[in-house]
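2 protein chains.
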Amino acid sequence: MENFDFYNPTKIIFGKNRLGELDSLVPKDAKVLILYGGGSVKKYGTLKKVSDSLKNREIIEFGGIEPNPKYETLIKAVDIVKNENIDFLLAVGGGSVIDGVKFINLAANYQGNSPSDLLSDSSAQAKVITSLPMGTIITLPATGSEMNSGGVITYQHGKHVIMNPVLFPQFSMIDPTLTYTLPAIQVANGVVDTFIHVVEQYVTYPNEGRFQDRTAEGILLTLIEIGKQTINNPTDYDARANLSWCSTMALNGLIGSGVPTDWSTHMIGHELTAMFGIDHGQTLAIILPSLWEIRKDKKRDKLIQYAERVWNINDVDDNAKIEMAIAKTRDFFESLGIKTHMSDYGITSDKIDNIIEALEAHGLTALSETKDLTPEISRKILENAM
Amino acid sequence: MENFDFYNPTKIIFGKNRLGELDSLVPKDAKVLILYGGGSVKKYGTLKKVSDSLKNREIIEFGGIEPNPKYETLIKAVDIVKNENIDFLLAVGGGSVIDGVKFINLAANYQGNSPSDLLSDSSAQAKVITSLPMGTIITLPATGSEMNSGGVITYQHGKHVIMNPVLFPQFSMIDPTLTYTLPAIQVANGVVDTFIHVVEQYVTYPNEGRFQDRTAEGILLTLIEIGKQTINNPTDYDARANLSWCSTMALNGLIGSGVPTDWSTHMIGHELTAMFGIDHGQTLAIILPSLWEIRKDKKRDKLIQYAERVWNINDVDDNAKIEMAIAKTRDFFESLGIKTHMSDYGITSDKIDNIIEALEAHGLTALSETKDLTPEISRKILENAM
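Those sequence lines, one after another, are chains A and B. Residue numbers for the first sequence follow numbering that gives the first Met the number 0, so the first one is 0 and each next one is one higher. Residue numbers for the second sequence follow numbering that gives the first Met the number 0, so the first one is 0 and each next one is one higher.
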């Protein structure tokens with residue numbers, strides 16, 4: 000096991016009917032900026048319940064944070080935070096809203112030239128050492144952003160990672176019933192996103208992180224058990240609660256502590272979203288099976304472990320285990336309604352050059368747990384994913 | 000799944016050769032009280048390294064915190080904290096030292112009559128709302144005290160639980176190499192203690208906590224894999240690192256969130272330690288298999304799940320699964336050198352009346368996940384454990 004630090008101070012309030020507790024979580028005298036996305040939290044009444052719970056506090060609302068939140072949108076909220084002397088940021092929405100609010104917080108507390116520095120030069124992020132207290136009410140189980148200190152922001156046609164310990168939410172409320180109204184495709188994307196967060200911290204090379212491995216396998220087994228069920232029966236509380244808690248646990252630092260991680264599927268997938276507007280979860284479902292096919296020798300031992308423990312494939316030789324495990328993974332994504340080939344989304348092979356150029360422009364030329372996934376290999380992965 | 004809150008702000012610094020980082024973890028101008036136990040941290044040089052790392056800070060040392068730490072010992076340190084205007088408490092030792100330091104912190108910040116109130120009347124504990132910052136350097140993997148806000152203190156021949164959110168350590172350093180010098184029996188006790196912390200949050204009744212169940216099973220499987228190995232080969236880093244991390248994860252709130260818990264084995268075991276001085280881990284190994292035998296109908300579904308997933312017992316009927324799983328659990332403890340019957344420790348059946356009286360005197364008359372484990376049932380468990 001490698002040396003590691005683990006720190007996660009976010010308080011989780013999990014379960015049904017807990018919005019009323021906001022009153023005790025947000026300071027009584029705070030001036031609160033509530034931030035949300037496309038309006039479904041308004042439509043389904045969540046925003047009203049949130050405001051009601053924050054009785055007697057001065058509240059300003061800022062809506063319209065889009066999926067893959069854009070710098071240009073977020074920067075408008077930064078002005079509000081500064082001009083209105085906001086004391087508390089409350090994100091109500093999915094990962095994009097929470098990621099966006101984290102950037103707003105970072106930018107509002109940045110003392111340098113322009114907030115765009117924070118995206119164009121990632122070393123600028125560490126200069127921010129204070130932040131406003133921030134709470135979240137998550138309405139889409141997927142990104143884990145409600146219990147970590149990172150986010151992804153769209154800027155100049157690229158997706159940029161922000162990460163800073165001051166960005167941990169002070170609290171996050173996870174009420175699975177708030178996700179009942181989600182479209183099936185978004186839930187399916189969430190299952191896939193969670194699944195891939197896990198395997199990116201697990202299917203690397205063995206290094207004796209037994210707790211981490213078993214916990215990762217536990218999340219994967221749970222997703223396989225409840226994935227289809229929670230898409231087909233959105234109001235099955237226990238299935239949705241298990242998806243919600245697994246998605247939080249998948250990316251809060253727990254299973255990645257002390258073990259190698261390989262974020263190449265996310266990095267290549269981000270380019271597909273930035274370039275073609277494909278949903279984040281869908282891009283991951285395209286890249287992962289293909290990446291494993293191309294990198295199966297590098298990941299051999301862990302792919303065998305994954306085959307045995309997650310898919311219960313035991314009575315064949317090791318090569319067959321790997322092939323079957325990759326096929327089962329692809330079938331699982333497809334069974335949820337998420338297609339796994341580029342051509343399914345209308346991307347033709349002549350676009351691969353552009354994708355490789357984008358990876359190079361963003362400095363993503365040495366990806367993976369061993370830093371040897373070059374643009375040449377990314378090209379093979381993309382060709383294989385057609 | 001039940002509603003729950005999860006909050007754990009302790010920063011973990013895990014791995015080899017990290018004592019030097021204390022300098023950046025403890026404020027430069029702090030007056031530090033270093034607390035330890037019987038002197039092995041002195042003998043093996045850990046204390047010297049800790050002091051060296053805290054260069055230029057004023058340091059006072061307080062040794063002699065015994066296993067099952069006593070009120071009378073701890074209260075002496077409370078006087079030092081107050082009279083010397085201590086700013087930071089640093090515990091160096093096992094669970095008893097850390098539990099003791101938590102009580103010292105609680106007592107030093109208690110405004111009521113006498114610190115003994117905190118043990119005789121558990122409602123007094125909640126009156127403490129501030130505490131000194133506290134760090135720990137753990138030298139015995141077992142109790143999980145390094146990453147939770149609870150402890151157990153011996154007072155007037157009873158063991159008393161303290162619990163307060165202000166008692167989370169600010170940081171805990173977990174260096175598995177610091178445990179290499181432990182006697183084998185203490186490591187064995189640690190494996191058993193960790194194992195039983197897990198099953199007390201897992202072998203109850205089903206309630207759809209799939210992440211929690213799988214994570215609990217992962218810790219149990221790991222302990223079975225590395226338990227004997229880490230006792231026999233104390234300097235096998237990876238085995239000891241896995242034991243260390245599992246013991247922290249077993250009792251930091253993670254696997255018990257949203258699921259029923261049954262602490263009766265600990266509660267009955269505490270009386271055996273208080274009355275006969277038997278090691279904590281040993282008392283648990285005596286009580287657990289017997290408790291399961293007596294309560295196997297109540298715990299039927301989870302015992303079957305435990306048999307299948309942890310011990311891989313599949314090809315027999317359900318009753319046989321349960322019997323075999325209990326037998327395998329007992330055999331596992333015995334294989335580590337921990338005896339599982341009261342008579343092995345010289346306790347005769349005429350003492351059972353006294354144990355039941357102690358349970359009643361301490362109000363432990365409605366134990367278990369369903370609060371229906373009466374003194375009558377405790378008696379059966381003890382008789383069955385002879």
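Glycine included, every Cβ here is placed at the ideal spot set by N, Cα and C.
Check whether residue i and residue j have beta carbons under 8 Å apart
| i | j | result |
| --- | --- | --- |
| Tyr236 (chain B) | Pro175 (chain B) | yes |
| Ala324 (chain A) | Ile312 (chain A) | yes |
| Ile59 (chain B) | Leu105 (chain B) | no |
| Phe3 (chain B) | Gly217 (chain A) | no |
| Leu219 (chain B) | Val309 (chain B) | yes |
| Asn163 (chain A) | Val198 (chain A) | no |
| Val31 (chain B) | Val25 (chain B) | yes |
| Val258 (chain B) | Gln211 (chain B) | yes |
| Thr72 (chain A) | Ile64 (chain A) | yes |
| Gly150 (chain A) | Leu250 (chain A) | no |
| Ser263 (chain B) | Leu366 (chain B) | yes |
| Lys295 (chain A) | Thr203 (chain A) | no |
| Thr221 (chain A) | Arg299 (chain B) | no |
| Ile152 (chain A) | Pro66 (chain A) | no |
| Val329 (chain A) | Ile351 (chain A) | The sequence shown places Arg at residue 329 (chain A), not Val. Going by C-beta atoms, Arg329 (chain A) is not nearer than 8 Å to Ile351 (chain A). |
| Ser130 (chain B) | Leu181 (chain B) | no |
| Thr214 (chain A) | Leu253 (chain A) | yes |
| Ser100 (chain B) | Leu34 (chain B) | The question names Ser, but residue 100 (chain B) is Val in the sequence shown. Yes, the pair counts as a contact, with Cβ atoms nearer than the cut-off. |
| Ile346 (chain B) | Pro374 (chain B) | no |
| Phe170 (chain A) | Thr9 (chain A) | yes |
| Met133 (chain A) | Leu88 (chain A) | yes |
| Tyr109 (chain B) | Leu118 (chain B) | no |
| Glu292 (chain B) | Asn383 (chain B) | yes |
| Ile376 (chain B) | Ile173 (chain B) | no |
Partner residues on chain A for residue i, Cβ-Cβ distance less than 9 Å
| i | result |
| --- | --- |
| Phe3 (chain B) | Ile11, Ile12, Phe13, Gly14 |
| Trp244 (chain B) | Met0, Gly208, Arg209, Phe210, Gln211, Ser256, Gly257 |
| Ile325 (chain B) | Those do not exist, as Ile325 (chain B) stays about 23 Å from chain A at its closest Cβ, beyond 9 Å. |
Neighbour list for residue i in chain B, Cβ cutoff strictly below 7 Å
| i | result |
| --- | --- |
| Thr221 (chain A) | Arg209, Phe210, Arg213 |
| Met248 (chain A) | Phe210 |
| Asp235 (chain A) | In chain order: nothing, as chain B lies at least about 10 Å away. |
| Ile218 (chain A) | Phe210 |
Closer than 9 Å at the beta carbon, the chain B residues around residue i
| i | result |
| --- | --- |
| Asn241 (chain A) | Met0, Glu207, Gly208, Arg209, Phe210 |
| Glu224 (chain A) | Arg209 |
| Arg17 (chain A) | Asn2 |
Beta-carbon separation (whole angstroms), residue i vs residue j, contact threshold 8 Å
| i | j | result |
| --- | --- | --- |
| Phe5 (chain A) | Ser256 (chain A) | 5 Å |
| Ala123 (chain A) | Val80 (chain A) | Ala123 (chain A) to Val80 (chain A), Cβ: 18 Å. No contact. |
| Gln200 (chain B) | Thr260 (chain B) | 5 Å |
| His361 (chain A) | Gly157 (chain A) | 5 Å |
| Lys54 (chain B) | Leu18 (chain B) | With a Cβ gap of about 12 Å, Lys54 (chain B) and Leu18 (chain B) do not count as contacting. |
| Met0 (chain B) | Asn206 (chain B) | 6 Å |
| Thr369 (chain A) | Ile285 (chain A) | In fact, because the Cβ distance is near 22 Å, the residues do not count as touching under 8 Å. |
| Ser115 (chain B) | Tyr179 (chain B) | Incorrect: roughly 38 Å between the Cβ atoms, too far for contact. |
| Ala357 (chain A) | Met274 (chain A) | 6 Å |
Chain-ordered chain A contacts of residue i [CB-CB under 7 Å]
| i | result |
| --- | --- |
| Pro445 (chain B) | Summary: the structure shown does not reach residue 445 (chain B), with chain B confined to residues 0 through 385, and so no result is reported for it. |
| Arg56 (chain B) | Within 7 Å Cβ-Cβ: nothing; Arg56 (chain B) doesn't reach chain A, min ~22 Å. |
Exercise for review: Write down every uninterrupted run of the beta strand (DSSP E) in the region 147-194 of chain B whose length is 3 residues or greater and which is fully enclosed by it, in chain order.
Suggested key: 149-154, 157-162, 170-173
Exercise for review: Go through the region 291-330 of chain A residue by residue and report every complete run of the alpha helix (DSSP H) that reaches 4 residues or more, in order.
Suggested key: 299-309
Check your understanding: Which whole runs of the beta strand (DSSP E) in the region 55-128 of chain B are 3 residues long or more, in chain order?
Key -> 57-61, 87-92
Point to revise | Inter-stretch contact (C-beta, 8 Å, three-pair minimum) for the region 132-151 of chain A and the region 83-102 of chain A | key: Note that the region 132-151 of chain A touches the region 83-102 of chain A; at least 3 beta-carbon pairs, one per stretch, sit closer than 8 Å.
Exercise for review: Could you tell me which uninterrupted alpha helix (DSSP H) segments, each at least 4 residues in length, are contained entirely in the region 198-237 of chain B, listed from first to last along the chain?
Suggested key: Qualifying alpha helix (DSSP H) stretches, in chain order: 209-231.
Review point. Should the region 190-197 of chain B be regarded as contacting the region 267-283 of chain B, the criterion being three or more beta carbon pairs within less than 8 Å?
Key: yes
Check your understanding: Do the region 266-278 of chain A and the region 314-321 of chain A touch if we need at least three Cβ pairs shorter than 8 Å?
Key -> no
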